[in-house]
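Working notes, beginning with the structure itself.
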Amino acid sequence: MAALAGVPLEMKEELRKELKSNRELLKILELDIDQSGDGREIKKFNEVIGFCEQVIRIIETYPQNKEIVFLDCSCGKSYLSFVLNTILSKKFAVNTYFYGVDTNKILIEKCDVIRENLGLRNMQFVTSRIIDAQPEKSVDMVIALHACDIATDEAIAKGIKLEAKYIIVVPCCENQIRNRLKCGHPLVDVTDFGLLRYRFADILTEALRSQFLTGAGYHVKLVEITSPKFTPKNLMIIARRKKGNKKYAMDRYKKLDEMFNTDFVLKNYFNERDFNRNDI
Ligand SMILES: C[S@@+](CC[C@H](N)C(=O)[O-])C[C@H]1O[C@@H](n2cnc3c(N)ncnc32)[C@H](O)[C@@H]1O
Numbered sequence: 011m012a013a014l015a016g017v018p019l020e021m022k023e024e025l026r027k028e029l030k031s032n033r034e035l036l037k038i039l040e041l042d043i044d045q046s047g048d049g050r051e052i053k054k055f056n057e058v059i060g061f062c063e064q065v066i067r068i069i070e071t072y073p074q075n076k077e078i079v080f081l082d083c084s085c086g087k088s089y090l091s092f093v094l095n096t097i098l099s100k101k102f103a104v105n106t107y108f109y110g111v112d113t114n115k116i117l118i119e120k121c122d123v124i125r126e127n128l129g130l131r132n133m134q135f136v137t138s139r140i141i142d143a144q145p146e147k148s149v150d151m152v153i154a155l156h157a158c159d160i161a162t163d164e165a166i167a168k169g170i171k172l173e174a175k176y177i178i179v180v181p182c183c184e185n186q187i188r189n190r191l192k193c194g195h196p197l198v199d200v201t202d203f204g205l206l207r208y209r210f211a212d213i214l215t216e217a218l219r220s221q222f223l224t225g226a227g228y229h230v231k232l233v234e235i236t237s238p239k240f241t242p243k244n245l246m247i248i249a250r251r252k253k254g255n256k257k258y259a260m261d262r263y264k265k266l267d268e269m270f271n272t273d274f275v276l277k278n279y280f281n282e283r284d285f286n287r288n289d290i
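Per the working numbering, the sequence shown starts with residue 11, numbered consecutively.
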């Protein structure tokens, strides 16, 4: 086994090479990365590599004999889970289990076919909304790559409810508060302009998510997983559950939400009572 602690700095390049040479996997996933230009599949390939890199850096810190359980929220065709599964087991000999959940039944059936073709036993795919998923095993990492709009918020809420050690999301379209930024907040002179409103909505959405996670007892870090030339949707929120912290402290989240009059969706997955409890 390659020692995880010895993962080199140029990991992304190594992962890229490793995956490019795994023709069988790419073929089964129907990821044609030999196409030229900035095609959709190359974009997806680079997003997946960037996501895997961050997960591997976290797993370096895990006890190596422990099974790591993932919940891939809005998994779609599950490129991310299949690649992570392959890399973690083949390259690093890490024991893993993957749940994939998506509302699209056809995609979930495709995932089952791919799983069978690859002969993988450590994966289970379920047609469900994220928030309704009921994984039997205790989940270590909730992951979500480009879960549309509020599906990212469902993933965050689910991760908090499951007390996942890590919640790692790369959000997609931040539509929910853009239209609410037209009036009734202190930066209307900025958001008067369509393009600035669009960009500011992205920043505010990720700030609200990050403050919510912080308030729920997570340490939050933001990183970029790829160059923006592959996708502007390259921001990753990495949230690590703090040991022993059992209090919700939503003051900063609430202040931000009220200041911009956003009525942000995340709180809707919880009862007011949840926020006032000290034992969550
Ligand atoms: C842009 S795709 C991303 C798929 C995959 N993660 C990827 O990177 O290729 C978004 C997926 O979210 C799923 N989805 C949207 N809302 C959902 C929800 N509330 N619960 C579960 N899946 C959802 C859609 O069916 C779709 O497959």
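By construction, the Cβ of each residue, glycine as well, lies at the ideal position given by its N, Cα and C atoms.
With residue i as the anchor, note down where its beta strand (DSSP E) starts and where it stops.
i    : result
D83  : Sequence inspection shows Cys at residue 83; the Asp mentioned does not correspond to that position. 78-83 is the extent of the beta strand (DSSP E) around C83.
I178 : 176-180
G129 : Unbroken run through G129: none, as it is neither H nor E.
Residue i: which of the options sits nearest, CA to CA?
i    : options                : result
A154 : Q134, V275, E57, Q186  : E57
F169 : R207, C182, L36, D82   : Note that residue 169 corresponds to Gly in the displayed sequence, not to Phe. Ranking the options by Cα distance to G169, first place goes to D82.
K87  : Q64, P73, F55          : F55
R50  : K76, Y89, E119         : Y89
L266 : N278, R283, F222       : F222
K27  : I78, D202, N105, V93   : V93
I235 : V180, A259, N95        : V180
G129 : T96, L191, A259        : T96
L117 : N105, V104, T106, T137 : T137
D284 : E268, M260, F270       : M260
G254 : H195, G110, V200, E173 : E173
Q144 : I177, K115, G110, K120 : G110
Confirm, please, whether the CB-CB distance from residue j to residue i is below 9 Å.
i    : j    : result
F80  : F108 : yes
Y228 : R250 : yes
R125 : M133 : yes
V123 : Y72  : no
Taking the DSSP output, what are the residues bridged to residue i?
i    : result
M151 : F80, Y176
I248 : I178, K231
V136 : V111
What first and last residue would you give for the alpha helix (DSSP H) that runs through residue i?
i    : result
I66  : 50-69
T106 : Where T106 is concerned, there is no enclosing alpha helix (DSSP H), although the beta strand (DSSP E) it sits in stretches over 106-112.
N95  : 89-96
I213 : 204-225
L39  : 33-39
So residue i and residue j are supposed to be a Cβ contact under 8 Å. How far apart are they, rounded?
i    : j    : result
A157 : C182 : 6 Å
L302 : A161 : Limits of the chain in this structure are 11 at one end and 290 at the other, which puts residue 302 out of reach.
I43  : K22  : Not a contact, Cβ separation roughly 15 Å.
T215 : I187 : 6 Å
E84  : D112 : First, the amino acid is wrong: residue 84 is Ser here, not Glu. Indeed, because the Cβ distance is near 6 Å, the residues count as touching under 8 Å.
M151 : K171 : In fact, because the Cβ distance is near 15 Å, the residues do not count as touching under 8 Å.
Do residue i and ligand 3 come close, with the Cβ less than 8 Å from some heavy atom?
i   : result
K87 : For the structure depicted, ligand 3 is absent and the ligand set comprises only ligand 1.
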